[in-house]
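Asker: First, the structure itself, so that you have it in front of you.
Protein chains: 2
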Amino acid sequence: METSTEEKIIQAAEKVFVRDGYDGARMQSIADEAEINKAMLHYYFRSKEKLFQQILTGKIKAFLPTILGIIQAEMTILQKFEAVVDGYLKMLSENPRLPIFILFSTYRNPVILEQLPREVFHGLIGFIKKAIRNGELKKVDPEHLLVSMMGMCVFPYVAKPIASHMLGKSDDEYLLFLRNRKKEIMTLLKELVN
Amino acid sequence: METSTEEKIIQAAEKVFVRDGYDGARMQSIADEAEINKAMLHYYFRSKEKLFQQILTGKIKAFLPTILGIIQAEMTILQKFEAVVDGYLKMLSENPRLPIFILFSTYRNPVILEQLPREVFHGLIGFIKKAIRNGELKKVDPEHLLVSMMGMCVFPYVAKPIASHMLGKSDDEYLLFLRNRKKEIMTLLKELVN
DNA sequence: GTCTATATACAGATAGAC
DNA sequence: GTCTATCTGTATATAGAC
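Chain order of the listed sequences is H and P. According to the numbering used here, the first sequence is numbered sequentially starting from 59. According to the numbering used here, the second sequence is numbered sequentially starting from 59.
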C-alpha cells in the first residue's frame with residue numbers, strides 16, 4: 059500500500075522516459091504520473107538529466123542478458139541457446155518498449171555505456187567457441203552468431219509498428235506472431251548443430 | 059553549385075532530424091545547417107511538424123527494401139536471399155543512423171505508416187513460399203524468416219553503441235565487423251537450403 | 001523571397017512559506 | 001518533506017520592413 063515518494067517518482071519516471079524518450083519526456087508528466095508535485099522531482103533528483111541517468115542505467119542492466127546464471131555446464135549448446143533465447147524473449151514480452159528506448163538513448167548518449175560489464179557477452183562467446191572446438195557446432199563466427207541471435211530476438215520488438223503494418227497484422231495478431239518467435243528462431247539455430 | 063533554398067532545407071532537416079530525433083531537433087539547428095534564416099523554414103514548410111512528416115515519409119520509403127526489382131525469376135532462392143541481404147546492408151552502411159531514427163519515430167507516431175505499400179514484403183514472402191513448395195528450402199515460416207533476415211541486417215546498426223561496447227571493439231573495429239556481416243548471415247541462411 | 005524583431009508558450013529549475 | 005508562486009531561458013512561430 060505504502061510506497062515512498064522516491065519510489066513513486068522512479069516508477070513514474072521509468073514509464074514516462076521509456077514511452078517518450080529523454081527529449082520527449084516532461085517533468086510535469088512524471089509528476090502527474092507519480093501523483094506528486096513537480097518540485098519534488100528536483101528535491102529528490104536535482105535535475106531531469108540526473109533522474110534520467112539513473113533510470114537509463116537501471117534499465118540497461120535489465121536489458122542485458124542476465125540468463126548467464128541459469129546456464130549449466132552439462133547443457134548441450136542447443137539447450138544453452140534455448141535458455142538464452144527463451145529468457146530474453148520473456149523479458150522482452152514483459153517490456154516491449156524497452157529495447158527501442160535503450161537503443162535510441164545510447165545512440166544519443168553513448169557515454170553511459172562505459173560503466174557496463176562485458177562478462178555476459180564474453181561468457182556466451184566462450185560457450186560458442188568451446189562448442190565449435192568440440193565439433194558440437196558448425197564453424198561460425200561466435201561474435202556474429204551472438205549478434206544474430208540477439209537481432210532475431212530484439213528486432214521484432216523494436217520494429218513492431220513497421221513490421222506489423224508490413225505483414226498486415228493487427229496488434230493481437232502480432233502478439234501471436236511474437237509468441238511463435240522462439241520456435242522459429244530455434245529452428246534456424248538447430249541447423250547449425252551437428 | 060546552385061541548390062534551391064527548399065532543397066537546402068530538406069537536406070539540412072534530414073541530417074538534423076535523423077541525428078537528433080523529432081523532439082531533440084531544433085529549428086535553429088536546421089537553419090544553421092542549411093545556412094539560411096530560421097524564418098525561411100516556416101515560409102517553406104509552415105511548421106516543424108510538417109517539415110518532419112515530409113522527411114520521415116521520404117526516409118521510410120528509402121528504408122524499405124527496394125531490392126525487389128533486382129531479383130530475377132531464374133535466380134535460386136539463395137541468390138535471392140543474397141541480393142536482399144547485400145542490397146540492404148549496402149544501404150545501411152551508407153545510412154547507419156537511419157534505422158534507429160525510423161524505428162523510434164514510428165514508435166512515437168505510427169500513423170505515418172498507413173500510407174506505405176506492402177508489396178515488397180508480400181513479394182519476398184511469395185518467393186520464400188514458392189521455394190518451400192519446390193523443395194528448394196527447408197520448411198520454415200516465411201514471415202518469421204523474413205523478419206529474422208531483416209533483424210540480422212538491421213540490429214548491428216541500431217545497436218551499434220551497445221554492441222561495440224559489449225564486444226570491446228573500437229569504431230574502426232566495429233566497421234570491420236559490419237563489413238563481414240554479409241558472409242556470416244549467408245552462412246546461416248545456407249543451412250536452410252536443401 | 002529574405003531578413004530582423006518580436007510574440008507567445010512552456011520547459012526546467014528555484015525560493016520560500018508551511 | 002511538501003506545497004505555491006515565480007524566475008529564467010529558450011523553443012516554435014509570426015509580423016512586417018525591405
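Virtual Cβ for every residue (Gly too), placed ideally from N, Cα, C. These numbers were taken from a predicted model, which means no experiment stands behind them.
1) Mind checking whether H/Glu194 and H/Ile183 have CB atoms under 8 Å apart?
2) Is it buried or exposed for H/Thr164, if we count other Cβ within 10 angstroms and need 16 for buried?
3) Between which two residues does the alpha helix (DSSP H) harbouring H/Thr115 extend?
4) What does the Cβ neighbour count give for H/Glu72, buried or exposed, with the cut at 16 atoms within 10 Å?
5) What residues are listed by DSSP as bridge partners for P/Leu236?
6) Should P/Leu161 and H/Ile220 be called a contact, given that it needs their Cβ atoms to be closer than 8 Å?
7) Would you give the residue range spanned by the alpha helix (DSSP H) that H/Asp81 belongs to?
8) Should P/His100 be labelled buried (16 or more other beta-carbon atoms within 10 Å of its own) or exposed?
9) Under the rule that 16 or more other beta-carbon atoms within 10 Å means buried, what is P/Gly209, buried or exposed?
10) Which runs of the alpha helix (DSSP H) at least 4 residues long sit entirely within the stretch 120-198 of chain P? Give them in chain order.
11) Hey, is P/Phe162's beta-carbon within less than 8 Å of any beta-carbon in chain H?
12) Check for me: the alpha helix (DSSP H) holding P/Val216 runs from which residue to which?
13) Who are the near neighbours of H/Leu136 in its chain, counting only those whose CB is closer than 6 Å to its CB and skipping five residues on each side?
14) Buried or exposed for H/Gly79, going by 16 or more other Cβ atoms inside 10 Å?
15) In chain P, what lies closer than 9 Å to H/Arg84 by C-beta?
16) Please identify, using Cβ separations under 7 Å, the residues of the stretch 170-202 of chain H that lie next to chain P, in order along the chain.
17) In chain order, what residues of the same chain lie with their CB nearer than 8 Å to the CB of P/Ala120, ignoring the 5 residues before and after it?
18) In terms of alpha-carbon separation, which member of H/Lys188, H/Phe213, H/Glu64 lies closest to H/Thr134?
19) For the putative contact between H/Ile186 and H/Leu204, defined by C-beta atoms under 8 Å, what is the C-beta separation to the nearest angstrom?
20) Taking 8 Å as the threshold (C-beta atoms), are H/Leu147 and P/Phe179 in contact?
21) Can you pull out the residues from the stretch 59-81 of chain H whose beta carbon lies closer than 7 Å to at least one beta carbon of chain P?
22) Give the straight-line distance between the Cα atoms of P/Ala131 and P/Glu64, rounded to the nearest whole angstrom.
23) P/Ala175 to P/Gly127, Cα distance in whole Å?
24) Determine, using beta carbons only, whether P/Pro214 and P/Leu234 come nearer to each other than 8 Å.
25) What span of residues does the alpha helix (DSSP H) with P/Lys96 cover, start to end?
26) Nearest CA to the CA of H/Asn167: which residue from P/Ile68, P/Ile67, P/Gly82, P/Ala70?
27) Is the CB of H/Leu246 under 8 Å away from at least one CB in chain P?
28) Quick check on the DSSP output: the alpha helix (DSSP H) that includes H/Phe91 runs from which residue to which?
29) Rounded to whole angstroms, what's the CA-CA distance from P/Ser222 to H/Asn238? Just pull it up for me.
30) Would H/Ile158 pass as an interface residue toward chain P - the criterion being a Cβ-Cβ separation below 8 Å?
31) For chain P, check one thing: does any of its Cβ atoms lie closer than 8 Å to the Cβ of H/Arg237?
32) Cβ of H/Val198 within 8 Å of Cβ of P/Thr245?
33) Would you kindly work out how many angstroms separate the C-alpha atoms of P/Ser151 and P/Asp144, rounded to a whole number?
Answerer: Reading off the structure:
1) No. Outside cutoff.
2) By the neighbour-count definition (other C-beta atoms within 10 Å, threshold 16), H/Thr164 is a buried residue.
3) Note, H/Thr115: alpha helix (DSSP H), 106-121.
4) Under this definition H/Glu72 is a buried residue.
5) Its beta-bridge partners do not exist; DSSP assigns none.
6) For the pair P/Leu161 and H/Ile220, the CB atoms are nearer than the 8 Å cut-off.
7) It spans 63-82 - the alpha helix (DSSP H) in which H/Asp81 sits, taken as one unbroken run.
8) Exposed.
9) When all chains shown are included, P/Gly209 counts as buried.
10) Fully contained in the stretch 120-198 of chain P are the following alpha helix (DSSP H) runs of length 4 or more, in chain order: 135-152, 156-166, 177-191.
11) Yes, because at least one Cβ of chain H sits closer than 8 Å to the Cβ of P/Phe162.
12) Counting along the chain, P/Val216 sits inside the alpha helix (DSSP H) bounded by residues 200-216.
13) Excluding residues within five positions, the ones whose Cβ falls inside 6 Å are Val251.
14) It counts as buried.
15) In chain order: nothing, as chain P lies at least about 10 Å away.
16) Leu171, Leu174, Arg176, Phe179, Val198, Asp199, Glu201, His202: these are the residues of the stretch 170-202 of chain H whose beta carbon lies less than 7 Å from some beta carbon of chain P, given in chain order.
17) Met149, Asn153, Leu156.
18) Residue nearest to H/Thr134 within the set H/Lys188, H/Phe213, H/Glu64 is H/Lys188 (criterion: CA-CA distance).
19) Contact between H/Ile186 and H/Leu204 holds, since their C-beta atoms are separated by about 7 Å, short of 8 Å.
20) Contact flag unset, no.
21) Correct list: Gly79, Asp81.
22) Between P/Ala131 and P/Glu64, the alpha-carbon positions lie close to 41 Å from each other.
23) It should be pointed out that residue 175 of chain P corresponds to Pro in this sequence rather than to Ala. Whole-angstrom Cα-Cα distance: 15 Å.
24) Going by C-beta atoms, P/Pro214 is not nearer than 8 Å to P/Leu234.
25) Per DSSP, P/Lys96 belongs to the alpha helix (DSSP H) from 96-103.
26) Nearest of P/Ile68, P/Ile67, P/Gly82, P/Ala70 to H/Asn167, Cα basis: P/Gly82.
27) Yes - at least one Cβ of chain P is within 8 Å of the one on H/Leu246.
28) With the sequence shown as reference, residue 91 of chain H is identified as Glu, and Phe is not the correct amino acid for it. In the DSSP assignment, H/Glu91 falls within the unbroken alpha helix (DSSP H) covering 85-92.
29) Going from the Cα of P/Ser222 to the Cα of H/Asn238 covers about 30 Å.
30) Cβ-Cβ to chain P under 8 Å: yes for H/Ile158.
31) Taking Cβ atoms only, chain P never reaches closer than 8 Å to H/Arg237, which makes this a no.
32) Their beta carbons are under 8 Å apart, which means H/Val198 touches P/Thr245 by this criterion.
33) About 11 Å.
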